[in-house]
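Counting with the numbering used here, you get residues 12 to 382 for the letters of the sequence shown.
See below for the structure under consideration.
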Amino acid sequence: MVVDGAGGMLLPGFIDAHVHTPDQGTRDEGISALRQALQLGVTTMLCMGCRYPDFVAHLKALQQPDLADLRSAGIAASVEGSHPTQLFDYYPTLNGVEDVAPFVHTRVSEGSDYLKIVIEDSSVIGKSTPFLPPEVSAAVTAKAHSHGLLVVAHAQSRRFVAQAIESGVDGLAHQYVDQPLTPEFARFLKSAGVFVVMTLAVYHSHEGVELANDPRVRPHIDSRWMDILCSSVGGQEQFQEYGLAAVRPLRDAGVPILAGSDANNPGTTYGASLHHELDLLVRGGLTRTEALTAATAAPAKHFRLPDRGRIAPGLRADLILVEGDPTVDIDATKSIARVWRSGVAGRGAAPAAGGDVLIQRALDVGVSIPP
Ligand SMILES: [Zn+2]
Numbered sequence: 012m013v014v015d016g017a018g019g020m021l022l023p024g025f026i027d028a029h030v031h032t033p034d035q036g037t038r039d040e041g042i043s044a045l046r047q048a049l050q051l052g053v054t055t056m057l058c059m060g061c062r063y064p065d066f067v068a069h070l071k072a073l074q075q076p077d078l079a080d081l082r083s084a085g086i087a088a089s090v091e092g093s094h095p096t097q098l099f100d101y102y103p104t105l106n107g108v109e110d111v112a113p114f115v116h117t118r119v120s121e122g123s124d125y126l127k128i129v130i131e132d133s134s135v136i137g138k139s140t141p142f143l144p145p146e147v148s149a150a151v152t153a154k155a156h157s158h159g160l161l162v163v164a165h166a167q168s169r170r171f172v173a174q175a176i177e178s179g180v181d182g183l184a185h186q187y188v189d190q191p192l193t194p195e196f197a198r199f200l201k202s203a204g205v206f207v208v209m210t211l212a213v214y215h216s217h218e219g220v221e222l223a224n225d226p227r228v229r230p231h232i233d234s235r236w237m238d239i240l241c242s243s244v245g246g247q248e249q250f251q252e253y254g255l256a257a258v259r260p261l262r263d264a265g266v267p268i269l270a271g272s273d274a275n276n277p278g279t280t281y282g283a284s285l286h287h288e289l290d291l292l293v294r295g296g297l298t299r300t301e302a303l304t305a306a307t308a309a310p311a312k313h314f315r316l317p318d319r320g321r322i323a324p325g326l327r328a329d330l331i332l333v334e335g336d337p338t339v340d341i342d343a344t345k346s347i348a349r350v351w352r353s354g355v356a357g358r359g360a361a362p363a364a365g366g367d368v369l370i371q372r373a374l375d376v377g378v379s380i381p382p
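Now the structure itself:
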């Protein structure tokens, strides 16, 4: 089958490098999240912490053409009373270094694709909670590395980012927002070799309602997520300012920047908020092409998914056809005409017998897709 994409642009499927699978852990919720993401061009979601590893394992195994592919950290490493344990009735925690080996072993046996550690005293939201001590964050990181797992840190204050770096993590799940990021600190992050998932979309949660009202996006949002998208975390002026202002120094220092929405926190939702993140990355100072890289090739590289994130022979044909040219106007990413997952149509056309699969074969033998 030949697809006429005249006037459009073919892009690799987007990778959202920071989401959370739904808290309630019902099958309907999980499928809704993965389907909505794919409809909106996000063909891979990287979950940065969930409550129910069994549920996530079930979602990962689905592998349907109309659902986004999923990877997950599973249960994040944290200490009793710290984020996110206060949100839930039960959440496994670490009391000391003696808990590290069994904690990591359990995550590995549950199928965690990488590990997330939470170093957070809640001071950025005006509270005070216990936080993971340095010796524990270092031990968790070392143990995870010994199992071959990548380690990503949640730290929203500069001092805890420094602790995460000292602990040897591979990446940051947020840009810190308790103070402005300086060029010196950006160079420190560069020398540490870490990547940063910006999560500007959740820091600008008050803008979620604009996505909800966009006629290109709205029809694809499941009604169950609409109220969350139209809500806001609130009181985040500092987060918005510092988050956005961090983009340029990080870019100038050469720190790998990854797009991540933090869906489904208030003001965000699956799939849609990745487009918000792209817009914010451009507002923060990335070129439009750099922003697209932050949502495709960069997360594929840094999360060790070498089969996706680019359009090249032999790679997964996770593809989006958009109307317009997002390298001229980043807003064009929302104008999605078609989405393919592994070469099979997930949006824009019903899978035909032998039809779109030809695209994957074409890529496999190095033939470019007709424009
Ligand atoms: Zn998060």
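Ideal Cβ positions, reconstructed from N, Cα and C, are used throughout, including at glycine.
Practice task
Using DSSP bridges, identify the partner residues of R349.
Solution key: L332
Problem - Element boundaries [alpha helix (DSSP H), containing M237] - result: S234 to L240
Exercise for the section: Look at G357 and D27 and say whether their C-beta atoms are less than 9 Å apart. Expected result: no
Exercise for the section: Taking only heavy atoms of ligand 1 into account, decide whether any of them is closer than 8 Å to the Cβ of D273. Expected result: yes
Handout entry: Nearest to G296 (by Cα), restricted to the options A264, M20, N275 and P317
Key = A264
Problem - Nearest-angstrom Cα separation, counted from F171 out to T96 - result: Their backbone Cα atoms lie some 18 Å apart in a straight line.
Handout entry: Validate contact between the stretch 234–248 and the stretch 298–317 using beta carbons, cut 8 Å, 3 pairs
Key = no
Practice task
Look up L57 in the DSSP assignment and give the residues it is bridged to.
Solution key: R82
Handout entry: One or two residues paired with H165 in a DSSP bridge
Key = V129
Handout entry: Assigned exposure category for P324 - 16 Cβ within 10 Å defines buried
Key = exposed
Exercise for the section: Measure how close the beta-carbons of V162 and Y125 come, nearest whole angstrom, since I'm counting them as under 8 Å. Expected result: Going by Cβ atoms, the distance from V162 to Y125 rounds to 7 Å, so yes, they are a contact pair.
Problem - When V108, R259 and L51 are compared against V207, the one with the closest alpha-carbon - result: R259
Problem - Inter-stretch contact (C-beta, 8 Å, three-pair minimum) for the stretch 115–125 and the stretch 58–78 - result: Verdict: yes, contact present.
Practice task
Would you list the one or two residues that DSSP bridges to A28?
Solution key: In DSSP, A28 forms no bridge with anything.
Practice task
Would you mind working out which of V53, A87, D34 and Q47 sits nearest M59, comparing C-alpha positions?
Solution key: A87
Handout entry: N106 beta carbon near ligand 1 (any heavy atom closer than 8 Å)
Key = no
Handout entry: Buried versus exposed call for H31 [16 or more other C-beta atoms within 10 Å across all chains shown]
Key = buried
Practice task
For my contact list, L222 and V228 are in at a C-beta cut-off of 8 Å; report their separation, rounded to the angstrom.
Solution key: 5 Å
Practice task
Could you have a look at V376 and say whether DSSP puts it in helix, strand or coil?
Solution key: Caution is warranted here: a pLDDT of 36 is assigned to V376, below 50, making its placement in the model unreliable, and no coordinate value can be reported.
Problem - Under 9 Å between C-beta atoms of A166 and Q174 - result: yes
Handout entry: Cα-Cα separation between Q50 and G107, rounded to whole angstroms
Key = 43 Å
Exercise for the section: Sort out for me which residues DSSP pairs L268 with in a bridge. Expected result: For the sequence presented, residue 268 should be read as Ile rather than Leu. Its beta-bridge partners are V207.
Problem - Helix, strand or coil at A283 [DSSP, three-state] - result: helix
Handout entry: Unbroken alpha helix (DSSP H) run spanning P23, endpoints
Key = First-last for P23: G19 to P23, but that is the beta strand (DSSP E), not the alpha helix (DSSP H).
Handout entry: Residue span of the beta strand (DSSP E) that contains V147, given as start and end
Key = No beta strand (DSSP E) holds V147; the alpha helix (DSSP H) holding it covers P145 to S157.
Exercise for the section: Classify V151 as buried or exposed, calling it buried when 16 or more other Cβ atoms lie within 10 Å of its own Cβ. Expected result: buried
Exercise for the section: Counting only the same chain and skipping the five closest in sequence on each side, list residues whose C-beta sits under 6 Å from that of F114. Expected result: L105
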